[in-house]
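The next block holds one structure in the form of structure tokens; read it before the comments.
Number of protein chains: 2
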Amino acid sequence: VKPLIDARVAVVGLGLMGGSLAGALRGRCRDVVGVARRTTTLEIAQSRGLIDRGTTDLIAGLAAADAVVVAVPVRAILRLLDQIAPLLQPDCLLMDVGSTKAEIARQMAVLPDHVQPLGGHPLCGREVSGVTAADPGLYKEKLFVLTPLSRTSSAALQLGTALVEAVGARVMVLDPERHDRLLAVASHLPYLVACALVGTGQSEAASDAAIWDVAASGFRDTSRLAASDVTMMLDILMTNREAVLATLDAYRGQLDVMAGLIRDADEDALRSMLAALREQRKEIWLHPC
Amino acid sequence: VKPLIDARVAVVGLGLMGGSLAGALRGRCRDVVGVARRTTTLEIAQSRGLIDRGTTDLIAGLAAADAVVVAVPVRAILRLLDQIAPLLQPDCLLMDVGSTKAEIARQMAVLPDHVQPLGGHPLCGREVSGVTAADPGLYKEKLFVLTPLSRTSSAALQLGTALVEAVGARVMVLDPERHDRLLAVASHLPYLVACALVGTGQSEAASDAAIWDVAASGFRDTSRLAASDVTMMLDILMTNREAVLATLDAYRGQLDVMAGLIRDADEDALRSMLAALREQRKEIWLHPC
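Here the protein sequences come in this chain order: A and B. Going by my numbering, the first residue of the first sequence is number 1, and it counts up by one from there. Going by my numbering, the first residue of the second sequence is number 1001, and it counts up by one from there.
In structure tokens form, the structure reads like this:
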């Protein structure tokens, strides 16, 4: 395994995550090849200086790569891994940036022996998508979870770590199942919470359209994630169903407690609960992130 | 009723809302008197140029007022109205900026005949509070709901409207009950949604503290409202219980549908639902607010 500066990196998928990663890696490795399905995507990536060169041909794009990063939605990653692995040089690092890790880890575990798989998940989503939204600064100071397999060599993990640090992110190593359980709470739940909020507003709008006039910054921020890319989110939900359902249950339990206290007008208990949650919320982001 | 430029305005309560309102009104009326419980609050308001003069004495502060704006939490408004009304000149405009309007309207309806009551609710909350957070630009381009009573004279409504427009806000006239029903969905629900999210994170943290490491911008924005002032929110919830409970039920219904589709792995239905919600969310804020 070569040091990053001498490595040829291929990025498969040049959307928000892949395009941003490619752009951030350029100049920090030997070269960055972008692989996309559409030539227009490659042209935009090239004109914005995100890649050294681009191709729509997976074979040509991956032949010389020392590291490959697959940056497409989770189930597209699952479909691509088997197709990509046979095309890679011995010891090539095969990373992904998928938002759930357990299913990907299971599939990585049975890839041909000559590749070095390494799960990855950068925590820097946005509701915008596509190469036109790509921004080489996207990963700066963000957390980038790595989920190495038992078969991942320390050299491959080291190259993966160097790649993460080169784009300005911080590495956190997690077990794939633990990652998925944590992210169900930290990311997949907030998405569903936001969607249900928009759905409730929509129902109200059916009887009183003024609801959208009075929806201000509070509603806007709380519902922001409902604008997330649906294909990406559906892949996440479908590959993490068990953990998502468990955290939805826990969440509904919280709402039930609050509804009960409001119904009973139990002010003292409600005040204690809300005050503790306020302290907790303030404590999480003492330092703005 | 005098035109605003000749009116003496008293603002009772110099927190985020009152301090900002006072500061925005200064120079657009004859003078702005701030009334607060603590002299330190008055000193800060004065040093920041938010008021022309300040007093802790309600009687002295209100004696010459042509318009009074009560800017404290809802139940403090309910306690103050009866105390303030007898101190006012004939035809004095008595406004409030409380976040729920039905209970306040009921109490305004039975105030002494010589005052001109007018409910108000500016939609520009923040999670920060206190005079140190006051900002005369707070109301700029925001919606300011007015809930006139049948007893409110058109001259009083006109002065209230002038006051709202002087601070840079747009007037929307609503019936108090309708206001409360709409705001239950648009504002009180998002708060509870955010609180329940923090509560779910806290439960998870009890078994895995790494949850706060992986909580990124999605969790942060969706949970932002949980940092709101508890006294203010408790007053809102307690004076709008029926509408809040109804919207919580509707919200839980939305979550139940989503949980069911995830449990059944009914991808087609889930995709349709999430795609429709995404379009709805994007449509609400075609123009950033």
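Glycine included, every Cβ here is placed at the ideal spot set by N, Cα and C.
Please work out which residues of its chain come closer than 6 Å, Cβ to Cβ, to residue i, disregarding the five sequence neighbours upstream and downstream, and give them in chain order.
i                         : result
isoleucine 1211 (chain B) : Gly1201, Glu1204, Ala1205
histidine 1114 (chain B)  : Pro1090
glycine 13 (chain A)      : Ala71, Val72
cysteine 289 (chain A)    : Its pLDDT being 40, under 50, cysteine 289 (chain A) is placed unreliably by the model, and nothing is read from it.
proline 1148 (chain B)    : Leu1118, Leu1157
arginine 1048 (chain B)   : none
threonine 247 (chain A)   : Ala184, Val185, Leu189
valine 1164 (chain B)     : Phe1144, Val1171
aspartate 52 (chain A)    : Asp31, Val32
glycine 125 (chain A)     : none
leucine 1081 (chain B)    : Gln1107
alanine 243 (chain A)     : Asp180, Arg181, Ala184
arginine 28 (chain A)     : Ala166
Which residues in the same chain have their Cβ closer than 7 Å to the Cβ of residue i, if we skip the five residues on either side of it in sequence?
i                         : result
asparagine 1240 (chain B) : Thr1100, Asp1180, Ala1184, His1188
glutamine 1116 (chain B)  : Asp1091, Cys1092, Leu1093, Leu1094, Thr1152, Ser1153, Ala1156
histidine 1287 (chain B)  : Residue placement at histidine 1287 (chain B) is flagged as unreliable, the pLDDT there being 48, under the threshold of 50; the coordinate-derived value follows with that caveat. Cβ neighbours of histidine 1287 (chain B) beyond the five flanking positions: none.
lysine 140 (chain A)      : Gly168
lysine 1002 (chain B)     : Asp1066
Could you spell out where the alpha helix (DSSP H) holding residue i opens and where it closes?
i                        : result
valine 1032 (chain B)    : That residue, valine 1032 (chain B), is in no alpha helix (DSSP H); its beta strand (DSSP E) goes 1031-1035.
valine 214 (chain A)     : 211-214
alanine 205 (chain A)    : 189-207
aspartate 1096 (chain B) : Not the alpha helix (DSSP H): aspartate 1096 (chain B) falls in the beta strand (DSSP E), residues 1093-1096.
alanine 22 (chain A)     : 16-25
valine 74 (chain A)      : 74-84
alanine 166 (chain A)    : 154-166
glutamine 107 (chain A)  : 102-109
glutamine 46 (chain A)   : 39-47
threonine 1147 (chain B) : First-last for threonine 1147 (chain B): 1143-1148, but that is the beta strand (DSSP E), not the alpha helix (DSSP H).
alanine 1254 (chain B)   : According to the sequence displayed, residue 1254 (chain B) carries glutamine and not alanine. Counting along the chain, the alpha helix (DSSP H) containing glutamine 1254 (chain B) begins and ends at 1241-1263.
Less than 7 Å between the beta carbons of residue i and residue j, yes or no?
i                         : j                           : result
alanine 1269 (chain B)    : leucine 1277 (chain B)      : no
leucine 1004 (chain B)    : alanine 1166 (chain B)      : yes
leucine 1138 (chain B)    : serine 1228 (chain B)       : no
valine 1069 (chain B)     : valine 1011 (chain B)       : yes
alanine 1355 (chain B)    : lysine 1142 (chain B)       : A question about residue 1355 (chain B) goes unanswered here, because the residues of chain B that appear run from 1001 up to 1289.
alanine 1071 (chain B)    : valine 1097 (chain B)       : yes
leucine 1174 (chain B)    : threonine 1152 (chain B)    : no
glycine 1298 (chain B)    : leucine 1042 (chain B)      : Coverage of chain B is limited to positions 1001 through 1289, which leaves residue 1298 (chain B) absent and any answer about it impossible.
glycine 1160 (chain B)    : leucine 1182 (chain B)      : no
leucine 225 (chain A)     : alanine 194 (chain A)       : yes
valine 1035 (chain B)     : leucine 1025 (chain B)      : no
threonine 222 (chain A)   : leucine 197 (chain A)       : yes
proline 1190 (chain B)    : phenylalanine 219 (chain A) : yes
alanine 1007 (chain B)    : alanine 1067 (chain B)      : yes
glutamine 107 (chain A)   : leucine 78 (chain A)        : yes
alanine 45 (chain A)      : glycine 54 (chain A)        : yes
methionine 1017 (chain B) : leucine 192 (chain A)       : no
alanine 1076 (chain B)    : proline 1176 (chain B)      : no
Where do the N-terminal and C-terminal ends of the beta strand (DSSP E) with residue i fall, by residue?
i                        : result
glycine 1137 (chain B)   : Per DSSP, glycine 1137 (chain B) belongs to no beta strand (DSSP E) and is neither H nor E.
leucine 53 (chain A)     : Position check: residue 53 (chain A) holds arginine in this sequence, whereas leucine was assumed. Arginine 53 (chain A) -> beta strand (DSSP E) spans 53-55.
alanine 1010 (chain B)   : 1008-1012
alanine 67 (chain A)     : 67-70
glutamine 280 (chain A)  : Run containing glutamine 280 (chain A): none in the beta strand (DSSP E); it sits in the alpha helix (DSSP H), 267-284.
glutamine 1116 (chain B) : 1116-1122
arginine 1170 (chain B)  : 1170-1173
Ignore the nearest five residues each way along the sequence and tell me which others in residue i's own chain have a CB closer than 8 Å to its CB.
i                      : result
leucine 1058 (chain B) : Val1012, Val1035, Gln1083, Ile1084, Leu1087
threonine 56 (chain A) : Val35, Ala36, Arg37, Arg38, Thr39, Leu42
Take every Cβ of the segment 125-132 of chain A, pair it with every Cβ of the segment 78-94 of chain A, and state whether three or more of those distances are shorter than 8 Å.
no
Can you list, in chain order, the residues of the segment 225-244 of chain A whose Cβ is nearer than 9 Å to any Cβ on chain B?
Leu225, Ala226, Ala227, Ser228, Asp229, Val230, Thr231, Met233, Leu234, Leu237, Met238, Arg241, Val244
Inter-stretch contact (C-beta, 8 Å, three-pair minimum) for the segment 1244-1253 of chain B and the segment 218-238 of chain A
no
Select from the segment 241-266 of chain A all residues with a C-beta closer than 7 Å to any C-beta belonging to chain B, and list them in chain order.
Arg241, Val244, Leu245, Thr247, Leu248, Ala250, Tyr251, Arg252, Gln254, Leu255, Met258, Ala259, Ile262, Arg263, Ala265
Check each residue of the segment 1065-1080 of chain B: if its Cβ is closer than 9 Å to any Cβ of chain A, include it; give the result in chain order.
none
Going along the chain, which residues of the segment 1139-1172 of chain B sit with their C-beta nearer than 9 Å to a C-beta in chain A?
Lys1142, Leu1143, Val1145, Met1172
Any C-beta of chain B within less than 8 Å: which residues of the segment 181-192 of chain A qualify?
Arg181, Leu182, Leu183, Val185, Ala186, Ser187, Leu189, Pro190, Tyr191, Leu192
Return the residues of the segment 199-213 of chain A that lie within a Cβ-Cβ distance of less than 7 Å from chain B, sorted by chain order.
Gly199, Thr200, Gly201, Gln202, Ser203, Glu204, Asp208, Ala210, Ile211, Trp212, Asp213
Just by C-beta distance, which residues in the segment 98-125 of chain A are closer than 8 Å to chain B?
Leu123, Cys124, Gly125
Give, in chain order, every residue of the segment 1039-1066 of chain B whose Cβ lies closer than 8 Å to some Cβ of chain A.
none
Mind listing which residues of the segment 1012-1041 of chain B have their C-beta closer than 7 Å to chain A's C-betas, in chain order?
none
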